[in-house]
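According to the numbering used here, the stretch in the sequence shown is residues -13 to 403, in order. What follows is one structure encoded as structure tokens, with my remarks underneath.
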Amino acid sequence: MEYFAVQGGVPLEGCAAVHGAKNSALPILAATLLAPGEHIIHNCPDLSDTAAALAILSSLGCRVRREGDTVLVNSTLCQSCGVPDTLMGTMRASVLFLGALLARNGRACACWPGGCALGERPIDLHLRAFQCLGARVQEREGRLCCQGPRLRGCCIQLPFPSVGATENAILAACAAQGYTEILNPARELEIVDLQGFLRSCGAQIWGAGTGRIVVQGGVPLHPGEYSVMPDRIVCATYLCALAAAGGEGEIYAAQAAAVAPVLEALSAAGCQIWETPRGLALRRRGSLWGIGPITTAPYPGFPTDAQPLLAAVLAVGRGESSIRETIFENRFRYACQLRRLGARVRLEGDSAYITGTPLHGALVEAEDLRGGAALTIAALAAQGESRICGLGHIDRGYDRLERALACLGGRIWREED
Ligand code: EPZ
């Protein structure tokens, strides 16, 4: 079994580059089904989740190949309407193939998606969007079947700005005759990236990143070529590693605007952060101070995916901090493992109350993607040796996290026993 071996308690010094965004690449890969032909996707991160998306495309009849950070997807021969259960269950983003298949073939069948255990994670908003566009949705023995050979444009009012439901609504609306309006959509930067890719395919779509998205559906699409945005949560991960362990480092391809709430929190905790010609730099020499309350919210609020990462930083500082999680009902699972490193974290309802204290090395287990990254960050700050298991979770969203953290000066290796 693979694990990270970490010798913590040493300030970092170095630089690392941010790879392409997982949560942008995944909907873009699904969207390649919308137009037959060979699509070219640059800066596509090499992760187990993107590998799973490519496996789903192959299972549907597409020809896929990776050339470094560029992925080529030829979706000409996609006749299938069903995603294999074994692939559907690997991640949450597999749900996006429902919207893409509905748009391409007028029909989509699959079991329920997988993904990090952050709570119930229903897909009712996705299915309601399909029904609004005229699709018939049936659930039989745990399998979903969506049929919509003639989708028609409509007004989709989302009661909550769900990222995945927004993406699925956009994908299906591209094949719906007439105009579709999506109100109260998610405004995340990854939605803007999906719009950018679809426009490269000739799609008529406006408003991503705002409170109203409009799609003119039924427009014939052609293969696209697009470069995926840098991963803002990977950037936040590297920033939090520097903040927690102390020292100084530079992060290439980092965009300050994409991580503004995280920069604000780390600055308030005592870090110096500035923009450089190649990205961002962070220095932390003195103590980290308590902050709060930090509340997670849909973009442009504090991103829920950075919540565990910031908690790891605040655990090693001084003073009292608090973080309130409003997006997922079970996103503090990492707290129990963080306590094994000596962290003082008290959970009450939707909030975590953290008292900063020096941490010590321990054996810990990642139980979800960002929780695993948080444990790795805390181990870099902890005095002594740590071992982090459960790398399968971490590898879903980070392309060799240990290499990037080693480039930042961390004493971290991937080992196997
Ligand atoms: C996306 O998940 C991201 N995943 C998540 O990143 C991210 O945390 C989340 O958006 C919020 O920003 C991908 O893009 C692959 P939601 P998604 O739909 O689409 C509820 C990571 O670490 N909801 O915005 O699943 C849901 O239960 C991952 O990279 C419904 O009730 O998020 C949750 O409480 C983790 N019904 C809330 O909305 C629905 O139909 C937010 O979910 C859909 C969602």
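Heads up, the beta-carbon is just placed ideally off N, CA and C, and yes, glycines get one too. A quick note: this is a predicted structure, and the numbers were derived from the prediction, not measured.
{"Check": "Supposed contact pair L345 and A367 - C-beta distance, whole angstroms, cut 8 Å", "Outcome": "6 Å"}
{"Check": "Candidates M77, L43, I280: closest to E306 by CA position", "Outcome": "I280"}
{"Check": "Any non-hydrogen atom of the ligand EPZ within 7 Å of A37 CB", "Outcome": "no"}
{"Check": "L82 beta carbon less than 8 Å from that of P31", "Outcome": "no"}
{"Check": "CA nearest to the CA of N91, picked from I109, L268, C67", "Outcome": "C67"}
{"Check": "Candidates I363, Q369, G370: closest to E388 by CA position", "Outcome": "I363"}
{"Check": "Exposed unless 16 or more other CB atoms sit within 10 angstroms - verdict on L169", "Outcome": "exposed"}
{"Check": "Three CB pairs or more closer than 8 Å across the region 198 to 213 and the region 10 to 25", "Outcome": "yes"}
{"Check": "Every unbroken beta strand (DSSP E) within the region 189 to 246, with a cutoff of 3 residues, ordered by chain", "Outcome": "190 to 192, 198 to 203, 211 to 213, 233 to 238"}
{"Check": "Environment of R122 [buried if 16+ CB atoms lie within 10 Å]", "Outcome": "exposed"}
{"Check": "C-beta atoms of N60 and E24 nearer than 8 Å", "Outcome": "yes"}
{"Check": "DSSP state of V149 mapped onto helix, strand, coil", "Outcome": "helix"}
{"Check": "Beta-carbon spacing of A79, D35 below 8 Å", "Outcome": "yes"}
{"Check": "Distance, Q202 Cα to V255 Cα", "Outcome": "One detail in the question is off: residue 255 reads as Ala in this sequence, not Val. Computed Cα separation, rounded: 46 Å."}
{"Check": "Distance, L394 Cα to A324 Cα", "Outcome": "Checking the sequence, you will find Leu at residue 324 rather than Ala. About 22 Å."}
{"Check": "Helix, strand or coil at R126 according to DSSP, with G and I counted as helix", "Outcome": "strand"}
{"Check": "Proximity of V248 and A292 at Cβ, strictly below 8 Å", "Outcome": "yes"}
{"Check": "Buried versus exposed, by CB contacts within 10 Å (16 or more), F116", "Outcome": "buried"}
{"Check": "Whole-angstrom distance between T152 and E(-12), CA atom to CA atom", "Outcome": "36 Å"}
{"Check": "Closer than 7 Å: F116 CB and nearest the ligand EPZ heavy atom", "Outcome": "no"}
{"Check": "Span of the alpha helix (DSSP H), counted from its first residue to its last, around V331", "Outcome": "No alpha helix (DSSP H) holds V331; the beta strand (DSSP E) holding it covers 330 to 334."}
{"Check": "C-alpha distance - G75 paired with I42, whole-angstrom precision", "Outcome": "11 Å"}
{"Check": "Three CB pairs or more closer than 8 Å across the region 280 to 289 and the region 159 to 174", "Outcome": "yes"}
{"Check": "Own chain residues within Cβ distance below 6 Å of G356, not counting five before or after", "Outcome": "Per the sequence presented here, residue 356 reads as Arg, with Gly not at that position. For R356, where only same-chain residues beyond five positions count, the Cβ hits under 6 Å are D291, P294."}
{"Check": "Uninterrupted alpha helix (DSSP H) stretches inside the region 309 to 381 (no shorter than 4 residues)", "Outcome": "320 to 326, 355 to 367, 377 to 380"}
{"Check": "Candidates I156, R49, A298, W275, of which the one nearest C141 by Cα", "Outcome": "I156"}
{"Check": "Buried or exposed by the 16-neighbour rule on C-beta atoms within 10 Å, applied to R317", "Outcome": "buried"}
{"Check": "Nearest-angstrom beta carbon gap, G347 and A371 [assumed within contact, 8 Å]", "Outcome": "Before going on, a small fix: residue 371 reads as Glu here, not Ala. E371 to G347, Cβ: 4 Å. Contact."}
{"Check": "Residue of T18, R304, G(-6), I259 minimising C-alpha distance to C48", "Outcome": "T18"}
{"Check": "Option in Y339, A365, G376 with minimal Cα separation from A353", "Outcome": "The sequence as given places Glu at residue 353; Ala does not occur at that position. E353 has its Cα closest to that of G376, out of Y339, A365, G376."}
{"Check": "N60 - containing beta strand (DSSP E), residue span", "Outcome": "56 to 60"}
{"Check": "Exposure of P216, with buried meaning 16 or more beta-carbon neighbours within 10 Å", "Outcome": "buried"}
{"Check": "8 Å Cβ cutoff met for A7 and R185", "Outcome": "no"}
{"Check": "G164: first and last residue of the uninterrupted beta strand (DSSP E) it sits in", "Outcome": "164 to 169"}
{"Check": "Straight-line gap, C187 to A194 (C-alpha atoms, nearest Å)", "Outcome": "16 Å"}
{"Check": "For Q293, the three-state DSSP class (helix, strand or coil)", "Outcome": "helix"}
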